[in-house]
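To start, the structure itself, in structure tokens.
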Amino acid sequence: MNHVRLAILAGAVLTLLGSRVEAQTLSAELKTEGAASLAKAALEKGDAVRGAILFPQQKPGCANCHSSGPQNLLGPDLTRMGDEATPVYLVEAMLYPSKVIKRGFESSTVATVAGKVHTGRIVEQTPEKVVLRDSSPERRLIVLAPNDIDEIAAVKTSAMPDDLVDQLANRQQFLDILKYVMELKAAGPSLETKNLTHSPGGGGLGEELQGLVLMDDFQCAACHSSAAAKSAIPSKQAPNLAWGSGRINPNYLERFIADPQHVKPGTTMPDVMGALSPDARRAAAREIVHYVVSLGEATFRTQPLDAQAAKRGGELFHSVGCVACHSPRNENGVERLPKDSVPLCVLQQKYNLDGLVAFLEDPHAARPSGRMPNMQLSHWEAVDIAQYLLNGSKERGTSAPAFQLDVALAEKGKLRFSELRCDRCHGEAEPRFETRFSSLTGANSGRGCLSGQAGKWPRYNLDESQHRAIQAAIARAPTELTDGQQIALTLTAFKCVACHQRGDLGGVSPERNEFFQTTDPNLGPQGRMPPPLSGVGAKLKPKWMRQVLVAGRTIRPYMKSRMPQYGAVRVAHLVDLFQRVDRLPDVELENVSDPKETRKIGHELAGTGGLNCIACHTFQQKRAETMPAVDLTEMTERLHENWFYHYMREPQRFSTNTIMPSFWPGGRAMRKDILDGHADRQMQALWQYLLDGRQARAPRGLIREPIELVATDEAVMLRRNYNGIGRRGIGVGYSSEVNLAFDAEQMRLAMVWKGKFADPGGAWRGQGSGTVRPLGRTQIRFARGPELDDVENPWIADDGRPPQHRFRGYFLDSAQRPTFMYRFDNIDVEDYPVDVQDTESGDVRIRRILTFTSTQGRKNVAFRAASGEKIAAEGDGTFRVGDSLHIRIGGDHKAEIVETPAGKQLRVPMDVPKGKSSLILDYSW
């Protein structure tokens with residue numbers, strides 16, 4: 006049991022005697038304590054490790070705006086704060102963020118001529134552009150041309166919210182984060198500012214390489230030879246035509262063959278009938294479609310659609326990764342980003358339900374080149390997405406008579422298929438006509454396929470940039486591609502860069518950012534965005550990388566988007582390429598002289614007594630208490646040891662989205678009491694411990710230990726969610742081991758008990774969603790509804806707030822015991838519960854001293870002291886409630902037992918006089 010003293014954990018403690026808390030917020034309480042006092046407390050009692058773990062969590066979300074590296078975020082790099090950032094300065098920056106805004110981090114609003122308004126920090130401003138870090142939750146970088154800007158205005162307030170501190174659970178969490186920030190500031194920036202990863206060819210894709218990708222996409226090599234076209238990309242193959250039997254509508258297929266670009270704009274299928282008249286074109290298309298249908302035996306039939314399944318499918322389509330390549334759609338099924346997406350055509354005209362489901366489950370059976378990857382959908386997920394795509398558009402397929410196969414037309418179609426050279430790409434059989442095609446080397450861009458003119462050649466709908474890129478690729482000297490170029494080419498051809506970023510190549514576009522989601526917001530952007538591939542060969546061991554690329558192994562179940570599968574023959578070559586290209590300088594470390602002792606220390610570091618890795622990381626597939634970060638027991642199976650040491654030193658340098666805290670900022674260990682604060686030896690100890698993999702001993706903290714708040718010579722308070730009370734419960738534990746919980750929502754004593762006070766673990770670990778667990782014995786609960794109320798028109802108790810009552814806060818005495826303040830109508834009430842010990846028996850009871858203040862007086866009110874099935878008078882103003890509770894009404898007040906529909910009530914009727922009056926009640930049990 007962790008015994009936590011009041012001075013450390015009770016967020017409600019105020020150091021100024023008699024200070025009144027009106028707002029009841031943590032920030033208000035901290036402000037009364039003063040910046041100098043808080044800075045001193047953080048230095049003495051703050052825990053930088055706990056602060057490092059809190060720092061990136063969704064609440065308070067400090068890592069959304071601040072980093073320990075130069076990333077052009079909304080807030081300053083905390084390692085570069087400068088000498089002016091004293092401990093007192095840091096306290097004031099957290100409690101009064103707009104008091105002093107660091108130069109260069111002021112907010113601005115930028116109004117565009119199009120009528121949009123962006124708010125954020127201007128990170129770059131030149132004659133050519135203005136770059137703004139948006140203050141929206143996505144924190145996007147917005148690039149604007151000066152001509153598009155109408156006005157730029159300064160914002161006088163900080164981008165940091167004034168009430169950000171109120172998202173913390175208590176004062177101790179504030180001290181912990183403050184101590185962590187102090188450590189970052191003291192460490193200063195890293196001396197090594199260059200990017201540690203070395204990835205030749207990892208930048209953007211040049212025009213020549215773009216041309217090679219296009220030549221592969223258009224399957225130029227199916228007809229033409231070219232030394233330039235030889236690359237590491239496995240050649241693209243045309244769809245398997247036999248697969249479409251019974252799955253693709255022959256009527257759609259006929260229209261598509263006759264005019265591919267009209268039916269499916271953006272398709273890579275060329276128009277091969279440019280030399281034919283319109284009538285001949287239609288006849289040829291009809292013949293070919295009969296031939297294609299004859300390749301299979303199934304008959305095309307439609308199946309009914311399900312609106313509920315379509316709704317589920319829409320959610321899947323927009324979350325599992327489909328919209329990384331295909332356009333997201335609005336509620337009417339209209340594509341939102343058609344220009345920057347892989348086209349889908351009007352799928353209702355093409356597929357039946359069974360056909361689209363089969364395609365989504367196993368796309369490589371239909372498209373063997375793997376350009377459409379396998380998204381690892383279950384059968385029912387494929388059904389739902391197919392339902393959505395077939396059911397979600399306002400464009401419907403046109404009705405047509407059922408297709409009847411004509412064998413004679415199929416024979417003509419087979420001949421047409423060869424005459425038009427369809428068999429060069431769709432190799433269903435040996436080409437019937439052997440034709441010599443010219444080499445692409447030195448090709449004339451004004452003739453043939455590149456001319457853009459109709460003729461006896463395939464016609465592609467190339468835009469100017471595509472035409473220029475293909476020309477550059479054709480003109481390219483026939484030299485071998487470098488390993489880096491082959492990587493870039495493969496990642497682009499298979500559209501890996503729609504999700505992953507490698508150097509300057511690729512990454513999720515701002516327009517698609519919102520569709521990458523996580524099941525755990527605490528993980529921040531890294532919990533929803535696919536990991537970067539920059540330096541990935543230096544990071545991942547080849548065996549693990551192969552399992553990810555080929556076998557679909559995954560370690561991020563919290564990420565809704567999925568890692569697609571392309572097949573070993575298409576992407577397995579990347580493993581060796583990555584390993585050859587990506588390098589890191591070797592980290593020089595001392596040899597481990599005693600592996601057993603080193604592992605023992607690593608085990609300590611991983612637990613709550615060390616760096617508390619277990620607070621965030623899964624262990625042996627058991628979820629951590631704050632978030633499900635990657636499993637510790639798979640680390641050494643995945644990672645190169647050298648990369649591990651580099652990353653531990655500077656996590657943000659390797660992954661700008663990471664929420665991994667820096668436990669060794671600037672090479673300084675935060676835990677100076679372990680291994681003499683030697684950073685490298687601590688990292689070595691962690692690695693040695695992790696080498697045990699799934700056989701590693703569970704670190705301390707995996708099994709949650711109960712937490713106990715303990716009152717010593719002062720009372721302890723805990724304002725959190727209590728069962729039967731709600732989120733405005735205020736628990737008070739007295740040094741004499743009697744306890745109570747006050748309901749600040751309904752102005753009532755809600756509960757009393759004896760013994761141990763409370764375990765706040767459920768509330769603290771649950772990020773505010775859990776509840777406090779009272780620990781003691783003999784727990785007595787009181788009825789809902791305000792205790793002081795009108796006799797004739799009392800509020801009917803429910804879960805809400807009574808309309809004539811208002812809680813006004815509390816203040817503390819020298820023993821940190823609260824006096825609760827609230828108002829009913831024109832009566833101000835101060836409720837002061839104290840622990841009182843009987844001098845003869847030694848028993849402890851709770852005495853409530855209620856003071857009423859009214860400027861006018863108020864008649865016909867009553868104070869409800871208790872409710873229950875059994876209430877009996879015992880004389881001398883004492884009443885027995887139930888089997889164990891005794892309540893004594895002090896002074897001249899007389900109580901009465903009243904029968905109500907809900908049972909008996911013990912009431913004290915009162916006419917509250919003008920001025921001050923009081924009521925004293927003793928509770929013993």
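The sequence shown maps to residues 6 to 930 in my numbering.
Glycine is no exception: its CB is placed at the ideal position from the N, C-alpha and C atoms.
Remember, it's a predicted structure, so these values are computed and weren't measured experimentally.
Exposure label - residue i; buried when at least 16 CB within 10 Å
| i | result |
| --- | --- |
| GLN626 | exposed |
| VAL777 | buried |
| LEU11 | The predicted model places LEU11 with a pLDDT of 34, which falls under 50 and marks its position as unreliable, so this point remains unresolved. |
| SER598 | exposed |
| ALA387 | buried |
| LYS544 | buried |
| LEU924 | buried |
| ASN596 | exposed |
| ASP587 | buried |
| PRO142 | exposed |
| GLY805 | exposed |
| ARG811 | exposed |
Residues near residue i in its chain [Cβ-Cβ closer than 6 Å; skip 5 each side]
| i | result |
| --- | --- |
| TYR650 | VAL592, MET688 |
| GLY614 | ARG705 |
| ARG852 | VAL839, VAL841, ASP927 |
| ASN466 | GLN266 |
| ASP916 | LYS864 |
Per-residue DSSP class, three states only, for residue i
| i | result |
| --- | --- |
| LYS355 | helix |
| LEU890 | strand |
| ILE876 | strand |
| ASP833 | strand |
| PHE364 | helix |
| GLN689 | helix |
| ASP221 | helix |
| GLU259 | helix |
| ILE58 | helix |
| TRP385 | helix |
| GLU34 | helix |
| PHE624 | strand |
| ASP748 | strand |
| GLN809 | coil |
Other residues of its chain near residue i: CB distance less than 7 Å, five sequence neighbours each side excluded
| i | result |
| --- | --- |
| VAL277 | LEU425, ARG426, CYS427, PRO463 |
| ARG732 | ASN726 |
| PHE521 | VAL513, ARG533, MET534, SER566 |
| GLU27 | Annotation note: pLDDT 46 at GLU27 (below 50); position unreliable, no value reported. |
| ASN77 | VAL128, ARG138 |
| CYS430 | GLN224, ALA227, ALA243 |
Residue i: first and last residue of the uninterrupted alpha helix (DSSP H) it sits in
| i | result |
| --- | --- |
| GLY542 | 541-544 |
| ILE182 | 176-192 |
| TYR739 | Counting along the chain, TYR739 falls outside any alpha helix (DSSP H), and DSSP gives it neither H nor E. |
| TRP648 | 646-654 |
| SER250 | Careful: SER250 lies outside any alpha helix (DSSP H) and carries neither H nor E. |
| PRO92 | 92-100 |
| SER423 | 412-424 |
Opening and closing residue of the beta strand (DSSP E) in which residue i lies
| i | result |
| --- | --- |
| ASN865 | 863-873 |
| GLY489 | Where GLY489 is concerned, there is no enclosing beta strand (DSSP E), although the alpha helix (DSSP H) it sits in stretches over 488-498. |
| GLN471 | GLN471 -> not in any beta strand (DSSP E); alpha helix (DSSP H) instead, spanning 469-480. |
| ALA158 | 154-160 |
| PRO239 | Per DSSP, PRO239 belongs to no beta strand (DSSP E) and is neither H nor E. |
| MET722 | 721-727 |
| THR641 | It is not in any beta strand (DSSP E) - THR641 instead sits in the alpha helix (DSSP H) that spans 640-643. |
Sequence-distant residues of the same chain with beta carbon closer than 8 Å to residue i, five excluded per side
| i | result |
| --- | --- |
| PRO918 | SER859, GLY862 |
| GLY729 | ALA755, MET756, ARG786 |
| LYS921 | THR856, PHE857, THR858 |
| LEU528 | TYR563, MET632, PRO633, ALA634, ILE664 |
| ILE58 | ASN617, ALA620, CYS621, THR631, PRO666 |
Contact test: residue i Cβ vs the ligand NAD heavy atom, cutoff 6 Å
| i | result |
| --- | --- |
| PRO536 | As for the ligand NAD, it is missing from this structure, which has no ligand bound. |
In chain order, which continuous runs of the alpha helix (DSSP H) of length 4 or greater are located wholly inside the segment 277-361?
283-299, 312-322, 352-355
Whole runs of the alpha helix (DSSP H) within the segment 531-608, excluding any shorter than 4 residues:
541-544, 547-556, 573-576, 578-586
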